[in-house]
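Everything on this sheet refers to the single structure shown next.
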Amino acid sequence: MTRIAGGSGTSSPPDAPGAARRRPRRSEAGIVDQTLWTRVDGIQGSPLDLLTARIGRRHYAPHIHDEYAIGVTVAGLETMRYRGEKIYSGAGSVVVVEPGEAHTGGPALPEGFAYRCLYPDAELLSAAMPARGGGGPARPHFREAIIDDRALGEALRLAHRALRLGEDPLEGESRLLSVLGTLVLRHAGQAPKTVPGGRRGDAGLIARAVTARLSDELVTPPTLAEVATDLELSRYQLLRAFRDVVGMPPYAWLAQYRVMRARTLLEAGHRPAEVAALVGFADQAHLTRWFRRVVGVTPGVYRNSVQDSMVRRIAS
Numbered sequence: 022m023t024r025i026a027g028g029s030g031t032s033s034p035p036d037a038p039g040a041a042r043r044r045p046r047r048s049e050a051g052i053v054d055q056t057l058w059t060r061v062d063g064i065q066g067s068p069l070d071l072l073t074a075r076i077g078r079r080h081y082a083p084h085i086h087d088e089y090a091i092g093v094t095v096a097g098l099e100t101m102r103y104r105g106e107k108i109y110s111g112a113g114s115v116v117v118v119e120p121g122e123a124h125t126g127g128p129a130l131p132e133g134f135a136y137r138c139l140y141p142d143a144e145l146l147s148a149a150m151p152a153r154g155g156g157g158p159a160r161p162h163f164r165e166a167i168i169d170d171r172a173l174g175e176a177l178r179l180a181h182r183a184l185r186l187g188e189d190p191l192e193g194e195s196r197l198l199s200v201l202g203t204l205v206l207r208h209a210g211q212a213p214k215t216v217p218g219g220r221r222g223d224a225g226l227i228a229r230a231v232t233a234r235l236s237d238e239l240v241t242p243p244t245l246a247e248v249a250t251d252l253e254l255s256r257y258q259l260l261r262a263f264r265d266v267v268g269m270p271p272y273a274w275l276a277q278y279r280v281m282r283a284r285t286l287l288e289a290g291h292r293p294a295e296v297a298a299l300v301g302f303a304d305q306a307h308l309t310r311w312f313r314r315v316v317g318v319t320p321g322v323y324r325n326s327v328q329d330s331m332v333r334r335i336a337s
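Numbering (the working numbering), first residue to last: 22 to 337.
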C-alpha cells in the first residue's frame with residue numbers, strides 16, 4: 022500500500038498511521054489543507070488510487086483522468102466546473118466524473134470542504150453493467166455529476182476507509198464492489214451514441230488528432246500553426262474545436278498529460294529533475310507547479326512515498 026501525503030501544506034489525518042508529515046499551511050479561514058493519496062494493490066488485478074482531502078483554499082486546475090473519479094463530500098461545500106456548468110456538492114453527496122471529462126474543483130465557501138475519492142478504471146465499473154444484446158457490458162454513463170444519495174455516500178465513505186486502512190483486504194474489496202454495483206444499478210445508463218458527422222463529430226475528430234499528435238511529440242511539441250496546417254484548419258478553428266470537446270486548450274491538456282506520464286516515471290524511481298526533462302517540462306520547478314495543480318502534491322513527496330512503500334513491502 023502506498024501513502025502519498027501533500028498539498029498546499031500537508032498533515033496526516035488522525036487515522037492515517039505512517040503517512041508522510043509536513044508543516045501545514047492554513048487558509049485565510051484557518052482551515053489546514055490536507056491531502057493524502059493511498060494506492061491499494063490487488064483490486065481485480067489492478068491498483069486503485071484513493072484520495073483523502075480537506076481543502077481550505079486550493080483550487081485544482083482543469084484536468085482529466087483516465088479513470089472514473091468517484092467521491093463523496095463529507096463536510097462543507099465543494100464547487101467544480103464540469104461539462105460547461107458550475108455545480109456544487111454538499112456533505113453526503115456523491116460526485117462522479119467520467120474518464121476524459123475536464124473538470125476543476127475547489128471550496129465554495131471560506132470554511133472549505135472535505136471529501137473522499139477513489140479512481141476505478143472503466144473495466145471495473147463496466148463489470149457491474151447489464152450485458153447488451155450481442156455484446157459485452159457497456160461503459161457506465163452518468164448524466165449528472167452530483168448524485169443526492171446519502172445512503173450510497175455513507176457506504177462509499179466506509180468502503181474508502183476500509184481500503185485505506187487495509188486492516189482487512191477482503192472487507193475493503195467487498196465494500197468497494199458493493200458500492201460500485203449499487204452506484205451503477207441506481208444511477209448509471211449507457212453512454213449516448215455518437216452521431217456521425219456534424220459539427221460535434223468533426224470537433225471530436227479534430228480533438229483526437231491533436232491529442233494523438235501532442236502525446237507522440239511530448240518533449241518537443243508542434244506549434245498550433247503546424248498542427249492546424251496539417252489538419253487544414255485555422256488556428257482559431259482548431260482551438261474552438263479542441264476546447265469544445267476537451268474542455269481546455271491544447272497547452273493545458275499537454276501539461277496535465279505530462280503530469281500523468283511523470284507519475285509513472287516517479288513510481289519507477291526516477292528523480293523529479295530527470296522526470297521533468299523526460300516529459301518535456303522546462304525544468305523541475307515547471308514540473309512541480311503543474312504536478313501540484315493537478316495531483317495536489319509535489320513530485321518529490323509523491324516519489325518518496327512510493328519508494329518507501331516498496332521498501333516496506335519487500336521487508337515484509
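Glycine residues also receive a C-beta, built at the ideal position from the N, C-alpha and C atoms.
By the 10 Å Cβ neighbour count, where 16 or more other Cβ atoms means buried, how is residue i classified, buried or exposed?
| i | result |
| --- | --- |
| residue 164 | exposed |
| residue 55 | buried |
| residue 174 | buried |
| residue 257 | exposed |
| residue 295 | exposed |
| residue 128 | buried |
| residue 145 | buried |
| residue 205 | buried |
| residue 249 | buried |
| residue 131 | exposed |
| residue 176 | buried |
| residue 287 | buried |
| residue 240 | exposed |
| residue 342 | Residue 342 is absent from the model: the chain starts at 22 and stops at 337. |
| residue 245 | buried |
| residue 151 | exposed |
| residue 319 | buried |
| residue 59 | buried |
| residue 191 | exposed |
| residue 292 | exposed |
| residue 207 | exposed |
| residue 303 | exposed |
| residue 183 | buried |
| residue 306 | exposed |
Could you tell me whether any non-hydrogen atom of the ligand SAM is closer than 8 Å to the CB of residue i?
| i | result |
| --- | --- |
| residue 208 | No copy of the ligand SAM occurs in the structure displayed, which carries no ligand at all. |
Could you check how far apart the C-beta atoms of residue i and residue j are, in whole angstroms? I think they sit under 8 Å.
| i | j | result |
| --- | --- | --- |
| residue 166 | residue 103 | 5 Å |
| residue 301 | residue 83 | About 19 Å separates the two Cβ atoms, so there is no contact after all. |
| residue 181 | residue 211 | Not a contact, Cβ separation roughly 27 Å. |
| residue 185 | residue 100 | Rounded, the Cβ-Cβ distance is 25 Å, inconsistent with contact. |
| residue 266 | residue 321 | Actually they do not touch by this definition, with Cβ atoms about 34 Å apart. |
| residue 71 | residue 149 | No, residue 71 and residue 149 are not in contact; Cβ-Cβ is about 19 Å, not under 8 Å. |
Going by Cα to Cα distance, which pick from the options is closest to residue i?
| i | options | result |
| --- | --- | --- |
| residue 169 | 115, 143, 144, 206 | 115 |
| residue 252 | 236, 228, 237 | 228 |
| residue 118 | 148, 187, 308, 209 | 209 |
| residue 187 | 149, 69, 323 | 69 |
| residue 289 | 277, 307, 324 | 324 |
| residue 147 | 198, 245, 100 | 198 |
| residue 87 | 207, 246, 141 | 141 |
| residue 172 | 233, 183, 194, 203 | 203 |
| residue 193 | 297, 225, 139 | 139 |
| residue 235 | 224, 200, 277 | 277 |
| residue 75 | 259, 53, 92, 178 | 53 |
| residue 113 | 299, 305, 179, 303 | 179 |
| residue 85 | 79, 232, 67, 223 | 232 |
| residue 260 | 201, 159, 310, 230 | 230 |
| residue 242 | 299, 292, 293 | 299 |
| residue 91 | 293, 143, 67, 79 | 143 |
| residue 160 | 89, 189, 310, 238 | 89 |
| residue 262 | 311, 310, 223, 196 | 223 |
Which complete alpha helix (DSSP H) runs does the stretch 143 to 217 hold, if anything under 4 residues is left out? 143 to 147, 171 to 186, 190 to 208
Between the stretch 262 to 276 and the stretch 120 to 134, do three or more beta carbon pairs fall short of 8 Å? yes
As an exercise, report each continuous alpha helix (DSSP H) stretch of at least 4 residues that is fully enclosed by the stretch 227 to 272, in chain order. 245 to 251, 256 to 267
With a threshold of 8 Å, are at least 3 pairs of Cβ atoms found where one atom belongs to the stretch 135 to 145 and the other to the stretch 88 to 105? yes
Would the stretch 59 to 78 count as touching the stretch 106 to 117 if we require 3 or more Cβ pairs under 8 Å? no
Count Cβ pairs between the stretch 279 to 291 and the stretch 307 to 318 that sit closer than 8 Å; are there 3 or more? yes
Beta strand (DSSP E) runs wholly inside the stretch 48 to 132, at least 3 long, in chain order: 55 to 64, 67 to 76, 81 to 84, 90 to 103, 106 to 111, 115 to 118, 124 to 128
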